[in-house]
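For reference, the structure is listed below as structure tokens.
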Amino acid sequence: MDVNVRIAGEAGQGVQTTGNLLVGAFARAGMHVFSSQSYMSRIRGGMNWFDVRIGDEELFSGRRRADLLVALTGEALEALRGQLAGGGVALFDGSEARGAQALPFTDAARQTGGSAVMANTVAAGAVFTVLGLPLDDLSAHLEVLFKKKDREVVEKNLLCARRGAELAAALAGKVEAPGTGGAPRDVCNAASAVGLAAATAGVKLVTAYPMTPSTAVFAYLAGVAEEYGIVVEQAEDEIAAVNMICGAAYAGVPAMATTSGGGFALMTEGVSLAGMMELPIFILVSQRPGPATGLPTRTAQQDLNLVLHAGHGEFPRAIYAPGTAAQAYELTRRGLQTAHKFQSPAFILTDQYLIDAQTNGAALDRSLRPIDLHVVAEPAGDYVRYAGASSGVSPRAVPGGGALVVCDSDEHDEAGHITEDVRVRVRQQDKRLAKLEPMTAEALPPQLHGPGDAATLMICWGSTYGPCREATDALNAAGLPTGMLHFGQLWPLNVGRAAGEAIARAKRIVCIEGNCTGQFAAILRQQGILSGCELMTRYDGMPFTGEEIVERIRS
Amino acid sequence: MIDWPVDAAPAWCPGCGNFAILKTLDRAIESAGIDRRNLVLVSGIGQAAKLPHYTSANVFNGLHGRALPAATGIKLANHKLEVVVTSGDGDMYGEGGNHFIHAVRRNITVKAFVHNNQVYGLTKGQASPTSDPGFVTKIQTGGVVSQPLKPLALAIVHECSFVARSFSGDADHLHETMVAALTHQGGFALLDILQPCVSFNRVNTFRWYRDRVRPVGESHDPYDRAAALELALKWGDEIPIGIIYRSRRASFESQTAVLAEATLREQLASAGR
Numbered sequence: 025m026d027v028n029v030r031i032a033g034e035a036g037q038g039v040q041t042t043g044n045l046l047v048g049a050f051a052r053a054g055m056h057v058f059s060s061q062s063y064m065s066r067i068r069g070g071m072n073w074f075d076v077r078i079g080d081e082e083l084f085s086g087r088r089r090a091d092l093l094v095a096l097t098g099e100a101l102e103a104l105r106g107q108l109a110g111g112g113v114a115l116f117d118g119s120e121a122r123g124a125q126a127l128p129f130t131d132a133a134r135q136t137g138g139s140a141v142m143a144n145t146v147a148a149g150a151v152f153t154v155l156g157l158p159l160d161d162l163s164a165h166l167e168v169l170f171k172k173k174d175r176e177v178v179e180k181n182l183l184c185a186r187r188g189a190e191l192a193a194a195l196a197g198k199v200e201a202p203g204t205g206g207a208p209r210d211v212c213n214a215a216s217a218v219g220l221a222a223a224t225a226g227v228k229l230v231t232a233y234p235m236t237p238s239t240a241v242f243a244y245l246a247g248v249a250e251e252y253g254i255v256v257e258q259a260e261d262e263i264a265a266v267n268m269i270c271g272a273a274y275a276g277v278p279a280m281a282t283t284s285g286g287g288f289a290l291m292t293e294g295v296s297l298a299g300m301m302e303l304p305i306f307i308l309v310s311q312r313p314g315p316a317t318g319l320p321t322r323t324a325q326q327d328l329n330l331v332l333h334a335g336h337g338e339f340p341r342a343i344y345a346p347g348t349a350a351q352a353y354e355l356t357r358r359g360l361q362t363a364h365k366f367q368s369p370a371f372i373l374t375d376q377y378l379i380d381a382q383t384n385g386a387a388l389d390r391s392l393r394p395i396d397l398h399v400v401a402e403p404a405g406d407y408v409r410y411a412g413a414s415s416g417v418s419p420r421a422v423p424g425g426g427a428l429v430v431c432d433s434d435e436h437d438e439a440g441h442i443t444e445d446v447r448v449r450v451r452q453q454d455k456r457l458a459k460l461e462p463m464t465a466e467a468l469p470p471q472l473h474g475p476g477d478a479a480t481l482m483i484c485w486g487s488t489y490g491p492c493r494e495a496t497d498a499l500n501a502a503g504l505p506t507g508m509l510h511f512g513q514l515w516p517l518n519v520g521r522a523a524g525e526a527i528a529r530a531k532r533i534v535c536i537e538g539n540c541t542g543q544f545a546a547i548l549r550q551q552g553i554l555s556g557c558e559l560m561t562r563y564d565g566m567p568f569t570g571e572e573i574v575e576r577i578r579s
Numbered sequence: 247m248i249d250w251p252v253d254a255a256p257a258w259c260p261g262c263g264n265f266a267i268l269k270t271l272d273r274a275i276e277s278a279g280i281d282r283r284n285l286v287l288v289s290g291i292g293q294a295a296k297l298p299h300y301t302s303a304n305v306f307n308g309l310h311g312r313a314l315p316a317a318t319g320i321k322l323a324n325h326k327l328e329v330v331v332t333s334g335d336g337d338m339y340g341e342g343g344n345h346f347i348h349a350v351r352r353n354i355t356v357k358a359f360v361h362n363n364q365v366y367g368l369t370k371g372q373a374s375p376t377s378d379p380g381f382v383t384k385i386q387t388g389g390v391v392s393q394p395l396k397p398l399a400l401a402i403v404h405e406c407s408f409v410a411r412s413f414s415g416d417a418d419h420l421h422e423t424m425v426a427a428l429t430h431q432g433g434f435a436l437l438d439i440l441q442p443c444v445s446f447n448r449v450n451t452f453r454w455y456r457d458r459v460r461p462v463g464e465s466h467d468p469y470d471r472a473a474a475l476e477l478a479l480k481w482g483d484e485i486p487i488g489i490i491y492r493s494r495r496a497s498f499e500s501q502t503a504v505l506a507e508a509t510l511r512e513q514l515a516s517a518g519r
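Heads up: the protein sequence lines correspond to chains A and B, in order.
So the first sequence is numbered by the working numbering: it starts at 25 and just counts up by one.
So the second sequence is numbered by the working numbering: it starts at 247 and just counts up by one.
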């Protein structure tokens, strides 16, 4: 079983603080947690909500309806009351409310803790009580959360949690909570997973021009910069950001930029530069709906074509699209390894939904384990940067290491100097593109979930993994054999045998994507991997849910 | 099959100021005692940007206008490298104008040598950001309307740590100023080098510059910002050359805690493979 708790209010009211508090406390209680956020592009006002879904089994996505709604404004209550599940409870921060249980969090916080700031702690205490949970885990979490503050702050928060529990105890409505214990206590989101993976892999320079929804990764890396020895520089624009990492990569240091669609559009010439100079750059692209400014704080899977085709000319690249926070960690490390092994740009393509979603899982390895940079330690006296190689990968030296390293954005000869000799041009272009074959051989095949011989096969990529996985399990449980293929690497494509067979056996193939045109389905058809398929798209800025996919598969 | 030529000699016009700048730069590198294995010449696109190919150094010849951010990345990765940008007025002040402003703000120890001939050479004679008003080209057929950019003044206003101007026609002055820029430690250095374009600028010729440049006197205190700004704004019958301005701002890398003990490259080497 699972329960969905929704906190809703204006920006600046503490929706996120309350949500994060609950995520931490539920995880501490050993419950499986999945949180997701919906927020507007503003710092104050509007309406934001934060869903915390808890269950006694692992959770992979959000849910449309809430079992427990905590409304911090009348507008939030009006807008979201209709999405309350049968038997659900709505709490409202006030002295009276129609169709909700009035519970004055803010007043109680002022009276008990001496500050309205602690209203979120009162609300968390109330939520625990409505769910019939003892306060122990919430209290323990508050102790940890405020351990660096004065004891007085901890005590006041503990009092506020208890006050919330007292107020809620008097209420009529209750929601049954899932069982506690068993789930890991560590919580992370894709933003911290990507950041930690980059830091532990030895990324030394991180640049960005801040852009939602990628800034969380930039901020995470700034937070651990001292611990891991990273220079984090906010560039004047995305063009500067990408050229800075090109420079750092040339000088022998793993470097990364973070951005979203519009910012990435500005970086495309730099991506082409990395392709020509054969530089191992790494870029996180966190998607939001476009075109142009679009919906800045919502989610989408609309920039696959942009990332796949970014940059003029033809050169190899690798694109990874994690489905979970744990996979975001693995694929970030792998992306950096691929970039360095093949001296080519590599990308992590994710989105607002996954960047913000929090789940509990096994603790991620925090130890610094720099990847192999594949740099020649002692280049010979006659070293040249672009020597011919059947694999396409020329030995890479870096400046300051004894040999002179010459790199050019113009077509160049083996020594890196400008040339317009067409024979050299063809040789160098062939050499660069020769890397695609070994890169393809190393590419990750899609993961199969559910039966491999089902008549219905769902194909998804990136963050749609979670909702699709829940849908697969639900459909099979309901007696409708359904398989699912999730692509964590989108380019180059290596389908592998198991997935190839599942595709061959399926009678109905549905590609599920957060865009209008089915960008990945088109790539699969173009590559001869699929001949035809149905599309299930969503492009309103909200993520898919498992239940939605089930309904749309059955309809 | 056509036997295609292989490039070896500089792609500059006979009489181009770039030859003098190249020759003087080679001499200045020696005078400054720089080990070429630790020297990185970074450039964008344009005639000046081709210079790194005609000398001996590490080379990063990147994108149009983007030499400064690439140079910044190189310096951050290994701040023991000597990083010099060779650029032109279009590359540095036009396409790369935003990076120029922010490089001055950032004050990382990169030396920018800007070959300023007030015209676009590689694209054949259009106006540049430093072209004088009224300058007629095949595009600006009625003459340039926009105000010319004042790079020295712009840098001084933002307390650039080293601001100088020289002339390709005065080899000794250029050599002296280049050495001063190359040996300047701790911060961004701008050296604007006036240079004739024999093919596309028939107004600002060798003679035009030669008759106007005036070395700043020994009495000029480069730490006097008001006096420096006054010199930087002088343009016309007299054009001051020399070290116009210096500030005592700390460099970006000296204020970056992570770089205090070792370069990022060294830290990586000691962390593992």
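Positions of the beta carbon are idealized from the N, C-alpha and C atoms, including for glycine.
Since this is a predicted model, take the numbers as computed values, not measurements.
Contacting residues, own chain, Cβ-Cβ under 6 Å from residue i (five flanking each side not counted)
i, result
"residue 30 of chain A", "73, 75, 90, 93"
"residue 165 of chain A", "48, 49, 52"
"residue 431 of chain B", "none"
"residue 184 of chain A", "133, 136, 137, 142, 145, 146"
Distance, residue j Cα to residue i Cα
i, j, result
"residue 53 of chain A", "residue 79 of chain A", "11 Å"
"residue 296 of chain A", "residue 311 of chain B", "15 Å"
"residue 239 of chain A", "residue 97 of chain A", "28 Å"
"residue 518 of chain A", "residue 143 of chain A", "52 Å"
"residue 390 of chain B", "residue 382 of chain B", "6 Å"
"residue 252 of chain B", "residue 470 of chain A", "For residue 252 of chain B, the predicted model reports a pLDDT of 39, less than 50, meaning its position is unreliable; a value from the coordinates is still stated below. Their Cα atoms are separated by approximately 47 Å."
"residue 353 of chain B", "residue 401 of chain B", "11 Å"
"residue 573 of chain A", "residue 338 of chain A", "37 Å"
"residue 322 of chain A", "residue 369 of chain A", "27 Å"
"residue 520 of chain B", "residue 289 of chain B", "Outside the shown range of chain B (247 to 519) lies residue 520 of chain B, about which nothing can therefore be said."
Close-in-space but distant-in-sequence residues of the same chain around residue i (CB under 7 Å, 5 per side omitted)
i, result
"residue 502 of chain B", "none"
"residue 347 of chain A", "486, 487, 489, 490, 510, 512"
"residue 505 of chain B", "325, 499"
"residue 182 of chain A", "163, 166"
Collapsed DSSP secondary structure at residue i in the structure displayed
i, result
"residue 566 of chain A", "coil"
"residue 295 of chain A", "helix"
"residue 60 of chain A", "strand"
"residue 534 of chain A", "strand"
"residue 163 of chain A", "helix"
"residue 555 of chain A", "coil"
"residue 43 of chain A", "helix"
"residue 177 of chain A", "helix"
"residue 126 of chain A", "strand"
"residue 184 of chain A", "helix"
"residue 103 of chain A", "helix"
Minimum Cβ-Cβ distance from residue i to chain A less than 7 Å
i, result
"residue 381 of chain B", "no"
"residue 432 of chain B", "no"
"residue 513 of chain B", "yes"
"residue 315 of chain B", "yes"
"residue 275 of chain B", "no"
"residue 456 of chain B", "no"
"residue 324 of chain B", "yes"
Minimum Cβ-Cβ distance from residue i to chain B less than 7 Å
i, result
"residue 272 of chain A", "yes"
"residue 429 of chain A", "yes"
"residue 441 of chain A", "yes"
"residue 365 of chain A", "no"
"residue 560 of chain A", "no"
Chain-order list of residues whose beta-carbon lies under 8 Å from that of residue i (same chain, five-residue window excluded)
i, result
"residue 286 of chain B", "303, 304, 305, 306, 317, 320, 327, 328, 329, 330"
Inset, instruction - Determine contact between the stretch 303–311 of chain A and the stretch 278–295 of chain A, defined as no fewer than three beta-carbon pairs at a distance below 8 Å. - result: yes
Legend entry - Contact the stretch 432–439 of chain B vs the stretch 349–368 of chain B: 3+ CB pairs below 8 Å: yes
Legend entry - Touch test, the stretch 206–222 of chain A against the stretch 171–178 of chain A, Cβ-Cβ under 8 Å, three pairs minimum: no
Legend entry - Three-pair Cβ contact test at 8 Å for the stretch 340–351 of chain B versus the stretch 248–258 of chain A: no
Inset, instruction - Pair every Cβ in the stretch 354–362 of chain A with every Cβ in the stretch 188–201 of chain A, then say whether three or more of these pairs are closer than 8 Å. - result: Counting C-beta pairs with one atom in each stretch, the stretch 354–362 of chain A and the stretch 188–201 of chain A have fewer than three that are closer than 8 Å, which means they do not touch.
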